[in-house]
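In our numbering, the protein residues as written are 1069 to 1233. Think of the CB as a built atom: it goes at the ideal place given N, C-alpha and C, for glycine as much as any other residue. Just so we're clear, the structure is a prediction, and the values are computed from it rather than from any experiment.
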């Protein structure tokens, strides 16, 4: 810097300052956009949860309830293993679980029920996120969410309490 004249020093200093301000500005914008993205993902998660709850209640009322009251009700029954039984229809929760699996196959979203005391062994926690979410919800959390990388893909995960009724 001793060989540089005052004009060159000023340009170099201002250039360095400008680059620093741009980097700081980009960091602030990144944080704001990341927060906004998380907010949008949370809202989408709440919408999906509401859709699942409404669908399960609708199936219980308009399919299972009507089948039990119909003349076919004596021949049909509700079962978790309905695929192997031609006289069985799925429980509403089983139907929701299977719909969630199908959606996962086409790349929409995946939804499943998880319990630390599952009636269906497939509903046991499968990973640390599900175990942590169950613990947090036992302690009063209404939902738990995080973004983690799964198979190289950033993935939004959300768990919320769905108490069996």
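Quiz prompt | Buried or exposed by the 16-neighbour rule on C-beta atoms within 10 Å, applied to residue 1162 | solution = By 1-based counting over the chain shown, the position of residue 1162 is 94. When all chains shown are included, residue 1162 counts as buried.
Practice problem: Consult DSSP for residue 1182 and reduce its assignment to one of helix, strand or coil. | Solution: Working through the chain shown from its first residue, we reach residue 1182 at position 114. Correct three-state label for residue 1182: coil.
Quiz prompt | Backbone CA spacing between residue 1098 and residue 1088 [nearest angstrom] | solution = On the chain shown, position 30 is the one that residue 1098 refers to. On the chain shown, position 20 is the one that residue 1088 refers to. The straight-line gap from Cα to Cα measures roughly 15 Å.
Quiz item: Skipping 5 residues on each side, what residues in its chain have a beta carbon closer than 6 Å to that of residue 1080?
Solution: For the purposes of this step, residue 1080 is taken as the residue at position 12 of the chain shown. Once the five neighbours on either side are set aside, residue 1080 has no close Cβ partner at all.
Quiz prompt | CB of residue 1109 within 7 Å of CB of residue 1224, strictly | solution = Locating residue 1109 in the chain shown gives position 41, counting from the first residue. Locating residue 1224 in the chain shown gives position 156, counting from the first residue. In this structure, residue 1224 lies closer than 7 Å to residue 1109 by Cβ.
Exercise. Give the range of the alpha helix (DSSP H) segment to which residue 1124 is assigned.
Key: As a position in the chain shown, residue 1124 is number 56, starting the count at 1. Here the alpha helix (DSSP H) through residue 1124 covers 1074–1127.
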